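Colleague: Just so you know, the working numbering puts the end of the sequence shown at 324, numbered straight through with nothing missing.
Beta carbons are placed, not taken as given, at the ideal position from N, Cα and C, and that holds for glycine.
As the structure is a computational prediction, the values presented were derived from the model and not from experiment.
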Amino acid sequence: MKKVLCILFIITAFYVIAKGQKKYYVYFESNSSIIPGQYRPLLDSLTDNLRNVNYKITLLGHADSIGNEKFNLLLSRQRTTSVAKYLHDAGLDTTVIDEKYYGEVKPVSDDSTEESFARNRCVEIIVLTNKEINTASEKNILRAEKFENDTTLLCANGAQIIIAANAFYPNKLSEINFNISEVYTVCDILKSNTLMETEDGNCLSSAGMLYIKPTLKSVEVQPNKGQLVTIKIPMRGGMADSRIKLYFAVKNSAGNIVWKEKESELTYENIGLRYYVFRVDTLIGFNLDRLLGITCKKDGPRIKVKGFKKVEVYQTYPDETYRS
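(1) Of all the options ILE34, PRO36 and GLY208, which has the alpha carbon lying nearest to the alpha carbon of VAL277?
(2) If distances are taken between C-alpha atoms only, which option among GLY91, VAL186 and LEU210 comes closest to LEU283?
(3) So if DSSP puts GLY61 in a beta bridge, which residue, or which two residues, is it bridged to?
(4) Does the beta-carbon of ASP93 have 16 or more other beta-carbons within 10 angstroms, so that it is buried, or is it exposed?
(5) Buried or exposed for HIS62, going by 16 or more other Cβ atoms inside 10 Å?
(6) Quick one: is SER218 buried, meaning 16 or more other Cβ sit within 10 Å of its Cβ, or exposed?
(7) Which stretch, first to last residue, makes up the beta strand (DSSP E) that contains ARG279?
(8) Please go through the same chain and pick out, in chain order, the residues whose beta-carbon is closer than 8 Å to the beta-carbon of LEU173, but skip the five residues on each side of it.
(9) What are the boundary residues of the beta strand (DSSP E) that includes LEU216?
(10) Would you mind working out which of ALA240, ILE180 and ASP89 sits nearest LEU153, comparing C-alpha positions?
(11) Using the three-state DSSP reduction, which class does ASP44 fall into: helix, strand or coil?
(12) Would you tell me roughly how many angstroms separate the C-alpha atoms of TYR55 and ASP89, rounded to the nearest one?
(13) Give me the Cα-Cα distance between LYS262 and ASN157, rounded to the nearest whole angstrom.
(14) Only counting the same chain, and skipping five residues up and downstream in sequence, which positions put a Cβ closer than 7 Å to that of VAL280?
(15) Apart from the five residues on each side of it in sequence, which residues of its chain come closer than 6 Å, Cβ to Cβ, to PRO107?
(16) Is GLY226 near ALA249, with beta carbons less than 7 Å apart?
(17) Please name the residue or residues paired with LEU246 in a DSSP beta bridge.
(18) Pull up the distance between the alpha-carbon of GLY67 and that of SER33, whole angstroms please.
(19) Given this structure, state the Cα-to-Cα distance separating GLU175 from CYS155, to the nearest angstrom.
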């Protein structure tokens, strides 16, 4: 994190049109999530223009890199919430407003000057309306005619899996059996026979795991090429950790599940509950983790777990989830 003297100045809001969408910016003062008065006419005008059309809104919250990283993540969330609340109070439908926030990790401008620091204290407002919504939807349709609705699978412990209607075309989603396991607790990890380490032996700290196995008549199947599935895993404790990365399950030489980092954009969502959100084209085992920077070793105690004769613990650390 960079430490510089903060010079406050205001940047005028503007919008750009790119790839069929409009993008607006609302800029904030340093260490503040209060919407400055000069941006309220912009939000009022936006609200008026959307009253009689179909629309989708995505809010992306940002912060500069001055100060504490966790504080900046919280600040970007508060800024996003402020804009969402303003739009809601003005009469817009919150069910079509998607809130995401990144803190300082995805700056809209490099932090090389005082002006660029100010540009990163913002919320991006991305708006799709009527024709743009239809066009965006058509890109994800494998055939011209939909034969069922998009489906959200709600898991017992809070995870959500959002699947497009034609993801498994010509098979309907209703024909697919989804075997799903959520793993959050120490005992869940032990019972799943999962090692909390990467394929090269580095220890991980898990923020939640999700195993998904779709089958059709007992045969494993996967979504069609190009059909991305959105997965949301609830944040334990309600606070995002910007160090978390996405891993997917592979088996080592002993047949145990270990983890390989997956190239996928990981975002945050704040709609009711708070979630880590990512999109994938293959449904397997997923793990939200951060590296501990040490190698896992079998130097922990043996403990009893129901259904097992014994379990060997690799390492445990204060204030950390069970490792391996």
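Modeller: Judging by the given coordinates:
(1) GLY208
(2) LEU210
(3) TYR101 and VAL123
(4) exposed
(5) buried
(6) exposed
(7) 273 to 280
(8) GLU148, THR151, ILE163, ALA165 and ALA167
(9) 202 to 216
(10) ILE180
(11) helix
(12) 17 Å
(13) 24 Å
(14) LEU228, VAL229, ILE231 and SER264
(15) ASN120
(16) no
(17) LEU288
(18) 16 Å
(19) 18 Å
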